[in-house]
Amino acid sequence: MIRRKIIKINMNNKIKYIIFFICFIFFLSSIWLQLAYSEQLDQMQQINSITRNIEQVVKKFIEKGLLTHEAGKKLIVRYNELPTQTKELFQKMSKPQVEERLSSYINSKRRFMGDLDRPLDNIDDFNWNYMLYDMEWAMVTVVSADTVSVNNIVSGPVVMISDGSNIFFEAGKEKTIVVPMVNNSFSIHASGVRGETVWHAENVGDSKSVYFPASYSEGVVLFINSQPSGADIYFNNKKYYKQTNTTCIRDPGRCVITIKKENYKIWTKEYNLKKGEKYNINANLEPSH
Amino acid sequence: MINGLKVIFVIIGFIILIWLSVSFYTLYSNIDTGMELVELNNQAKLIATNMFFSQLESIGKISLTLLGVLWAFVIYKASRIKIRGSMRICLFIQTNIFLLISFVSYFVGEEFLISRIFYHATIDLEAPIVNFWLLAQRRFFIFGLIWLVLTIFLSLDYD
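Chains as they are written, first to last, in my numbering: chain W, -12 to 276; chain L, 91 to 249.
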């Protein structure tokens, strides 16, 4: 009888020991997990705290009338889309610092666009990486020969890499953006179908405004008609290879156009052709007798 | 005899160089740089335009390569081609000038033509200005090639 009891007790103890052991393992595991991921948990909390700070800063600018609601939302969405590594860099910044740098961008842009009365609504050229540095801003107008996407902007020792919200320059169209600048110099690196393009500026003057025109020169379009047609055309006394009625693309500048046809009086007129303009030239030729 | 040939070719080279430069300068002064607005809406026109540019580009690149070859003979000391003596140097300079002008014609002409295409989506292969750049490039290239061969053969060290 005693033996059975002993056995019973032993079996019960074993189960208890097993249960106790399992609980102990769970306890140790939870402590280990807590220690192992505490850093990440802290980071996540900090990131959430920074995100809240950023949202508060953006909300403040909206309330002050410096940013529109739409622009503010875009800023926050773009911030949330940043990689965790970039967000971690913002942890080193204080809320007043972020506020100061964002304010610098917004005010510079509004000043460059000449619109200090309205809140800023276009933030296409904004990049959260800019807020990690303290720098000046330049207004840059670019006319690109090709459609390109900006990969990064380099200024001094600092490289601002695109955060995924790319700036595009459409072929032949003027676009103005605000660019961060260290030591009055910067480079914009872009790429398109035909390869890489770099716009580089040094010694940017006090106006902080840089214009990059397209490297090719635009001509002037002339539509030359005469009544009757089939007359010879001369530009500055040089014969054109086509007769009226025809078109001509030529370089801008002063031009004397002469139209001659047999049995008709010579028609002549001077023009000051301006780049990119189109001219309609109609000559009514008078019979010579 | 070879020395005599060098002298003759140097004189001919200078005459051709002056003649070509003056004639192209006169031609450029007298032609109109206008171009008719021709829409590139035709597959045949597009192919012709592409071929035209390919032709310009290939001659431009070859002239640059030949310049490199010429200078390689100068730099490479173990070469049998020795650019020494006034006549050989004159031939060398003439070859350089022909090939350089050919390349510059390509460079300047192409930029002008690309600006017409870029801004006005037009290029008229019949326009005198288009033919001018092509002609200038070709003429100087051909003479550059001939003078390159002459420079090589007349500068060979027969020792």
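C-beta: ideal position from N, C-alpha, C; glycine also.
CB contact below 8 Å: residue i versus chain L
i        : result
W/Val129 : no
W/Lys226 : yes
W/Val208 : yes
W/Thr245 : no
W/Lys162 : no
W/Phe222 : yes
W/Arg39  : no
W/Glu205 : yes
W/Lys79  : no
W/Asp112 : no
W/Arg241 : no
W/Ile253 : no
Residue of the options minimising C-alpha distance to residue i
i        : options                                   : result
W/His187 : W/Ser178, W/Phe173, W/Lys262 and W/Ser196 : W/Phe173
L/Phe233 : L/Thr116, L/Ser192 and L/Phe202           : L/Ser192
W/Val85  : W/Ile175, W/Pro215, W/Val243 and W/Lys46  : W/Lys46
W/Asp111 : W/Val130, W/Arg105 and W/Phe155           : W/Phe155
W/Ile175 : W/Lys162, W/Ile9 and W/Asn139             : W/Asn139
L/Ser148 : L/Phe197, L/Thr123 and L/Ile173           : L/Phe197
W/Ala177 : W/Asn250, W/Pro215 and W/Val135           : W/Val135
W/Val207 : W/Leu260, W/Gly143 and W/Ile2             : W/Leu260
W/Arg88  : W/Phe48, W/Thr184 and W/Tyr4              : W/Phe48
L/Phe104 : L/Ala211, L/Ile242, L/Leu225 and L/Phe188 : L/Phe188
W/Thr231 : W/Pro215, W/Arg241 and W/Pro239           : W/Pro215
L/Ile106 : L/Gln184, L/Met141 and L/Tyr115           : L/Gln184
W/Tyr92  : W/Val165, W/Val197, W/Gly182 and W/Lys265 : W/Val165
W/Thr73  : W/Leu119, W/Val197 and W/Leu103           : W/Leu119
L/Tyr118 : L/Val100, L/Leu240 and L/Phe222           : L/Phe222
Any C-beta of chain W under 8 Å from that of residue i
i        : result
L/Met125 : yes
L/Asn131 : no
L/Tyr196 : no
L/Leu140 : Residue identity check: residue 140 of chain L is Asn in the sequence provided, not Leu. For L/Asn140, the answer is no, since every Cβ of chain W falls outside 8 Å of its Cβ.
L/Tyr115 : no
L/Ala217 : yes
L/Thr212 : yes
L/Arg174 : no
Sub-8 Å separation of residue i and residue j beta-carbons
i        : j        : result
L/Leu244 : L/Leu95  : yes
W/Lys79  : W/Val44  : no
W/Thr128 : W/Phe210 : no
W/Tyr228 : W/Lys247 : no
W/Asp108 : W/Glu50  : no
W/Ser194 : W/Leu272 : no
L/Leu136 : L/Gly199 : no
W/Ile244 : W/Lys256 : yes
L/Ile213 : L/Thr123 : no
L/Ser205 : L/Gln227 : no
L/Leu190 : L/Trp237 : no
L/Leu160 : L/Asn186 : yes
L/Pro218 : L/Ile121 : yes
L/Met125 : W/Ile236 : yes
W/Tyr117 : W/Pro167 : yes
W/Gly169 : W/Met122 : Inspection of the sequence shows that residue 169 of chain W is occupied by Val rather than by Gly. Yes. Within cutoff.
Where residue i sits in the DSSP three-state scheme
i        : result
W/Tyr120 : coil
W/Tyr227 : strand
W/Lys247 : strand
L/Arg174 : coil
L/Arg206 : helix
L/Met125 : strand
W/Asn269 : strand
L/Thr155 : helix
L/Asn132 : coil
W/Ile6   : helix
L/Arg228 : helix
W/Gly217 : coil
W/Leu209 : strand
L/Glu147 : helix
L/Leu107 : helix
Near the ligand NAD: residue i beta-carbon under 7 Å from a heavy atom
i      : result
W/Ile9 : As for the ligand NAD, it is missing from this structure, which has no ligand bound.
Ranges of the beta strand (DSSP E) found wholly within the stretch 125 to 186 of chain W, counting only runs of at least 3: 135 to 142, 145 to 148, 161 to 168 and 173 to 179
Whole beta strand (DSSP E) elements within the stretch 70 to 102 of chain W, 3-residue minimum: Unbroken beta strand (DSSP E) runs of no fewer than 3 residues, entirely contained in the stretch 70 to 102 of chain W, are not found.
Runs of beta strand (DSSP E) lying entirely within the stretch 33 to 70 of chain W, each at least 3 residues, in chain order: none
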